[in-house]
Every structure is written in C-alpha cells, then in structure tokens.
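Going by our numbering, the letters in the sequence shown line up with residues 567 to 712, in that order. The structure appears right after this line, and notes come after that.
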Amino acid sequence: MICDNCSTFEPIEDQGTVHMKPASGELIGLLALNGYTVQENNEGCAVNYKELAELISMIKCLQPLPLKIRQELSFCVTGGEAPQIRHTWTPMQKFELQMEHYDMVNVILHKQFTSYMQPIVDHFEQIVAYVVFASSDRGGSRVPTV
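In structure tokens form, the structure reads like this:
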C-alpha cells in the first residue's frame, strides 16, 4: 500500500477540547450561531465538548463554511489541555471522515478485532467488502467494512 501525506489517528475521548486553526470570523460566528462557546487563542480557537455525539454534531455544523476556509482548517482534539508538539493536527477533510466512520476507526485503534477478515463477494465473485470479526474477549461484534 502506498500512502501519500498520511497521518495517524489518535483515539478521541468522550469529552475534551477540539482545537481549530486558523480561526476566521466565519468559523467563530458559525460555531456561536450553533450554540457553542468558542475560546479564541493565539493559534486559532477551541471548543469544549462533553460527549462524542456533541463533537460529531459540531463538525457537521461546519459544513456550510466556504470551501477555502474548509481547505485551510485543521483540528486537534485533546483531553482539555492545549495542543503540544506531540499532538497531530488533522485537515478538516480527514477529520470529517474520521468522525463519519468513528465506530470503525475506534475498533481498529483499540484493536478490538481478530486478524480474520471474511470477504463479501458479488455475483461476479469480485470482493466488494469485508466483515471484520471483533474480538470476542472484549464483547465485540461483527463490524462490516468496505
């Protein structure tokens, strides 16, 4: 597999702070309009969240931002502290995908699966997806993936 401009995904806690940079008037206004308390800082802005669903909802509320702002915007999620050098900043497009498929990303990050993947084939016997079997010792279940 070849990876261009790859980065790792860190597990996201159920509560914490999402940091965004650069901060624009449109970004801050849209967050405030949707009821989020925005803390501005030197690098950008930050919003606290109390549960993962709130973080996902906040990311979805940013979709109306102009394309130029969306392309420049990066995210860093922490447990509440300010981002450090070791923290990874993720471009908005990748972060949206991570949030959209968080259940699958979480299974992989926490290694809640066995190494066995069952291929799913179409009537031409072409692989169209896999079923990743979650680890039974962690109370997991089958997680379909494409």
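Think of the CB as a built atom: it goes at the ideal place given N, C-alpha and C, for glycine as much as any other residue.
* Asked: Who are M658's beta bridge partners in DSSP?
  -> Beta-bridge annotation (DSSP): M658 is not paired with any residue.
* To the nearest angstrom, how far is it from the Cα of Q650 to the Cα of H585? -> Taking the CA atoms as reference points, Q650 sits about 11 angstroms from H585.
* Asked: Between which two residues does the alpha helix (DSSP H) containing G610 stretch?
  -> Going by DSSP, G610 is part of no alpha helix (DSSP H) at all; its letter is neither H nor E.
* **Euclidean distance between Cα positions of V643 and G582** => Put simply, the backbone Cα of V643 is about 7 angstroms away from that of G582.
* **Contacts around H653, its chain only, beta-carbon distance under 7 angstroms, and the 5 residues preceding and following it disregarded** => Cβ neighbours of H653 beyond the five flanking positions: C642 and T644.
* Cα separation between G610 and L621? -> Each residue's Cα considered, the two are about 17 angstroms apart.
* Tell me whether F661 is buried or exposed, calling it buried when 16 or more other Cβ atoms sit within 10 Å of its Cβ. => Result: buried.
* Asked: Per DSSP, which one or two residues make a beta bridge with S640?
  -> The partner list for S640 (beta bridge, DSSP) reads K587 and P657.
* Asked: Between which two residues does the alpha helix (DSSP H) harbouring K626 extend?
  -> Counting along the chain, the unbroken alpha helix (DSSP H) around K626 starts and ends at L618 to C627.
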